[in-house]
Every structure is written in structure tokens, then in C-alpha cells.
Amino acid sequence: MNRILILVNITGLIIGISYGLHGPILPIFAKNVIGATYSELGLIGLTSFVPYMFIPLFVGILLDRINNGYLLAIGAAINSVSIYLLSIAQSIPEIMGFRIMTGIAHAFFWPPCQAIIANESTEKNRVRNISWFTMFFVIGFMIGPLLGTVLLEGLDITYRILFQITAFILATGIISALLISKKRIKVHQERISLSAIKEMKRFPEVIILLIFCTSSFGIILTIFPAFLNDSGMSATNILLLYFVFGVSRVASLALAGKFAKRTSQTLIAATLSISIGLGIAVIADSIITFGIALVLMGFGFSIFFPLTLEIILSKTKKQITGKIIGAYETVFGIGWALGPTIGGPITETFGNETPYLVFCVIGISVTLFAISSRKKLEPQRIQS
Numbered sequence: 007m008n009r010i011l012i013l014v015n016i017t018g019l020i021i022g023i024s025y026g027l028h029g030p031i032l033p034i035f036a037k038n039v040i041g042a043t044y045s046e047l048g049l050i051g052l053t054s055f056v057p058y059m060f061i062p063l064f065v066g067i068l069l070d071r072i073n074n075g076y077l078l079a080i081g082a083a084i085n086s087v088s089i090y091l092l093s094i095a096q097s098i099p100e101i102m103g104f105r106i107m108t109g110i111a112h113a114f115f116w117p118p119c120q121a122i123i124a125n126e127s128t129e130k131n132r133v134r135n136i137s138w139f140t141m142f143f144v145i146g147f148m149i150g151p152l153l154g155t156v157l158l159e160g161l162d163i164t165y166r167i168l169f170q171i172t173a174f175i176l177a178t179g180i181i182s183a184l185l186i187s188k189k190r191i192k193v194h195q196e197r198i199s200l201s202a203i204k205e206m207k208r209f210p211e212v213i214i215l216l217i218f219c220t221s222s223f224g225i226i227l228t229i230f231p232a233f234l235n236d237s238g239m240s241a242t243n244i245l246l247l248y249f250v251f252g253v254s255r256v257a258s259l260a261l262a263g264k265f266a267k268r269t270s271q272t273l274i275a276a277t278l279s280i281s282i283g284l285g286i287a288v289i290a291d292s293i294i295t296f297g298i299a300l301v302l303m304g305f306g307f308s309i310f311f312p313l314t315l316e317i318i319l320s321k322t323k324k325q326i327t328g329k330i331i332g333a334y335e336t337v338f339g340i341g342w343a344l345g346p347t348i349g350g351p352i353t354e355t356f357g358n359e360t361p362y363l364v365f366c367v368i369g370i371s372v373t374l375f376a377i378s379s380r381k382k383l384e385p386q387r388i389q390s
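What follows is the structure, encoded as C-alpha cells:
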């Protein structure tokens with residue numbers, strides 16, 4: 007692994023720690039300290055992800071024209087400021103405004119990292135390198151809740167101080183991003199266009215699976231912690247559950263190279279795994295059963311990313327890698343925004359368990375669709 011890939015992985019680890027440290031706590035902070043309802047939690051999630059529906063398209067264009075390390079540093083800087091501002095938030099609109107900043111920042115983090123990895127990889131090791139980067143991010147996301155548990159329980163700090171600590175940790179990612187920018191990173195001086203949107207239309211099967219996966223993931227990130235809290239889980243228990251969630255994600259990503267040999271079968275299994283996990287969440291009544299649900303979902307959510315990206319990159323010209331990554335991430339943003347938008351009001355109207363039951367049923371339908379479309383859910387294999 008060359009130096010650039012190592013630095014990208016370090017950056018992913020740092021940002022993952024910061025996300026894991028504050029992410030599961032934010033819904034609890036908004037509900038218990040600010041007084042948010044489930045509908046308002048859904049709106050907070052929506053504002054986090056709406057920028058990700060649009061900004062990655064423009065970042066994707068920049069990826070082919072500007073040093074990706076600079077874009078990554080911009081993302082880390084905006085992100086650290088947005089999380090620090092959460093520590094002074096006094097109302098739901100303030101939290102929503104700061105989460106808009108987070109969504110913009112994420113668009114300057116994930117696509118540049120993907121583009122750097124794609125440009126530094128061969129077709130043979132691309133899935134492995136993207137999986138390793140995602141795994142480092144998830145390891146950070148797994149360490150974050152443990153660190154949060156120590157800070158909340160051991161040092162008895164408040165949620166607001168936790169956000170401040172998170173912001174300072176995230177700010178260190180600016181350093182590794184700037185080190186990446188020191189290396190010469192090949193860019194393609196293509197004319198500015200939105201042609202990547204047309205390219206993505208060639209993959210409707212992948213888009214359908216991604217929207218289901220990301221919308222479910224959006225609910226688990228933005229509403230599920232509050233649901234766990236209402237189900238009797240303490241803040242410490244919730245952080246431990248998200249640590250288990252992270253362990254499952256790391257394990258699946260570590261095996262992504264092997265899973266890539268059977269891409270369509272793995273994506274079918276991932277969709278089914280998410281559906282079963284959501285179903286278990288409906289009837290779960292203990293930390294063990296909630297843990298089982300998150301383990302199943304952790305596998306599904308994580309393995310989706312490197313395999314679906316490989317399907318698209320393997321069938322796309324290398325000259326528009328940045329643009330297609332931007333369009334791909336926009337699909338993620340659409341799903342992430344849909345999940346909280348649907349999940350919050352459904353919870354408020356029909357009960358706490360309803361969104362997980364609804365998405366469980368949708369997931370079973372998507373699984374059947376994936377089975378019928380399995381031939382189109384394979385990457386273009388390299389001719390030996």
C-alpha cells in the first residue's frame with residue numbers, strides 16, 4: 007500500500023472516530039436536552055443529508071480538475087466547525103442549520119477519498135483498497151462510541167462538551183488531508199458537464215438497491231438511537247450497541263475481496279440481512295436482541311458500498327471517474343434524505359416500531375427484485 011493510500015486511510019479513521027463519538031448521541035441530545043419530537047428528529051436527519059443529494063455532483067466535477075487533497079481538507083475543516091457549533095445549539099432550527107453544514111462537509115470528504123483511491127488503484131485491487139478505506143472509517147466509527155462511553159460515564163462530561171471534543175479530533179484530519187495534497191495526484195482536465203447523471207441511468211438495478219440500503223441506513227443513523235432510548239436503553243448501552251454495529255461492519259469489509267467474487271449473490275444476501283435486522287428491531291426487547299439486529303444490518307450496509315461502486319466503475323471510462331463518483335454519491339444522498347423524511351412522521355403517527363416494519367417489508371420486495379436482476383448486478387470482469 008503506497009503512502010497516499012495510507013494517508014487516506016488515516017483520514018478515514020479520524021473522521022470515523024469523530025462520527026462514532028457524536029453520531030449516536032445527537033438524536034438523544036436533540037430529544038432529551040432540546041426537546042425534539044420524532045418528526046423533528048426526521049427533519050434533522052433530512053437536513054443532514056439534503057446537501058448530499060446535490061453537492062457531490064459538483065464535487066465530482068471538481069475531482070477531475072482540482073487536487074483532491076485540498077477538497078478533502080476543506081471537508082474536514084467545515085465538518086469540525088459544524089460539530090463544534092452543536093455544542094452551543096439551543097433550538098431545533100439551530101441544530102438543523104449546523105447539520106446542513108455537516109452534509110456539505112461530508113460531500114467534500116467521501117467523494118475525494120474515493121477518487122484518490124480509484125486513481126491510485128488498479129482494476130484488480132480497487133475493491134480491496136476501497137473496502138480497506140471504508141473499513142478504517144468504520145473502525146473509527148466503532149472506536150468512537152467506546153470513547154464516548156468512557157467520556158460520558160468515566161469523566162461525567164456533558165453532551166455539549168462531547169461535541170467540542172469531537173470537533174477537535176476531527177480537525178486533526180485536516181493535517182493528513184494536506185499531506186495528501188503534497189503528493190502529485192493525477193487529474194483529468196475534462197470540460198465541466200453533468201454527463202455523469204446520464205451514465206448513472208445505465209444502472210437502474212444498482213440505484214434501486216442503493217436507495218433502499220441508504221434510506222434504511224439513514225433511519226438507523228438519525229432515528230434509531232432515540233427509539234433505543236425509548237425502549238429502555240441508556241446512552242451508554244446505545245454507544246455499546248453501535249460499537250457492535252461497527253464490529254459487524256468491519257468484519258464484512260475485511261472479507262469484501264472474497265465477497266466480490268460473488269457480487270450479485272452477496273448483494274442479495276446483504277439486502278435480505280438488512281430486512282431481517284429491521285424485522286428483529288420491531289420485536290427486540292433487550293440489548294442482546296437489538297445487538298443481533300444491528301449485527302445483521304451492519305453486514306448489509308457495509309458490503310453494499312464497495313461492491314456497488316465496483317459494478318459502476320468497472321463499466322465506466324476512467325476519464326470520468328470523479329464525475330461518476332459524484333453522481334453515485336448523489337444517489338446515496340437521496341436515500342439518506344428519504345429515510346429520515348419517511349421514518350420520522352411514520353413514527354410520530356403510527357408508533358415507534360412502524361418505520362422498521364415498513365422498511366422490512368420493502369426490503370423483502372427489493373431482495374426479490376435483486377434475485378430477478380442478478381445478472382445485471384455483476385461487475386465487468388477483467389479478462390485474464
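Numbering (this note's numbering), first residue to last: 7 to 390. The C-beta atom is built at its ideal place from N, Cα and C for all residues, glycine as well.
When the beta-carbon positions are compared, SER254 and ILE309 stay at least 7 angstroms from each other. By the criterion of a C-beta distance shorter than 6 angstroms, ILE293 is surrounded in its chain by ASN243, once the five residues flanking it on both sides are discounted. DSSP places LYS381 in the helix class (H, G or I) of the three-state scheme. Taking the C-beta atoms as reference points, GLY75 is found no nearer than 7 angstroms to SER237. The Cβ-Cβ distance between ILE50 and MET102 falls below 7 angstroms. Around the beta-carbon of GLN96, fewer than 16 other beta-carbon atoms lie within 10 Å, marking it exposed. THR155: member of the alpha helix (DSSP H) spanning 132-155, first to last residue. Between the stretch 78-85 and the stretch 173-185 there are three or more C-beta pairs closer than 8 angstroms, enough to call the two in contact.
In this structure, PRO30 places its C-beta atom within 7 angstroms of the C-beta atom of LEU245. Using a C-beta cut-off of 8 angstroms, the stretch 155-172 makes no contact with the stretch 41-57, since fewer than three inter-stretch Cβ pairs fall below that distance.
Within the same chain, GLY22, GLY252, ARG255, VAL256, LEU259 and SER308 come within 7 angstroms of VAL144 by CB-CB distance, once the 5 residues on both sides are set aside.
Distance from the CA of PRO117 to the CA of GLY66, rounded to the nearest whole angstrom, comes to 7 angstroms. Beyond the five residues adjoining it in sequence on each side, ILE331 comes within less than 6 angstroms, by CB distance, of GLY66, PRO117, GLN120 and ALA121 in the same chain, given in chain order.
Per the coordinates, the alpha-carbon of HIS112 lies some 7 angstroms from the alpha-carbon of TYR58.
In this structure the stretch 208-215 does not touch the stretch 9-24; the number of beta carbon pairs closer than 8 angstroms is below three. The alpha-carbon separation between THR336 and THR272 amounts to approximately 23 angstroms. PHE305 places its beta carbon less than 7 angstroms from that of SER279. Measuring C-alpha to C-alpha distances from THR360 to each of ALA287, VAL56, PHE296 and LYS329 identifies ALA287 as the nearest.
The criterion of a C-beta distance shorter than 7 angstroms is satisfied by ALA173 and ILE89. No beta strand (DSSP E) of 3 residues or more sits fully in the stretch 293-367.
The alpha-carbon separation between LEU91 and THR220 amounts to approximately 26 angstroms. Burial state of ARG105 is buried, judged by a 10 Å Cβ sphere holding 16 or more other Cβ atoms. Taking a C-beta distance under 7 angstroms as the contact criterion, LEU313 and THR373 do not qualify as a contact pair. Assigned with DSSP and collapsed to three states, ARG208 falls in coil, not helix or strand. Cβ-Cβ separation between LEU247 and LEU300: approximately 6 angstroms, consistent with a contact (criterion under 8 angstroms). Counting along the chain, no alpha helix (DSSP H) covers SER237, and no H or E run does either. With contacts defined as CB atoms closer than 7 angstroms, GLY349 and ILE229 qualify as a contacting pair. Taking the Cα positions, ILE282 is about 7 angstroms away from CYS366.
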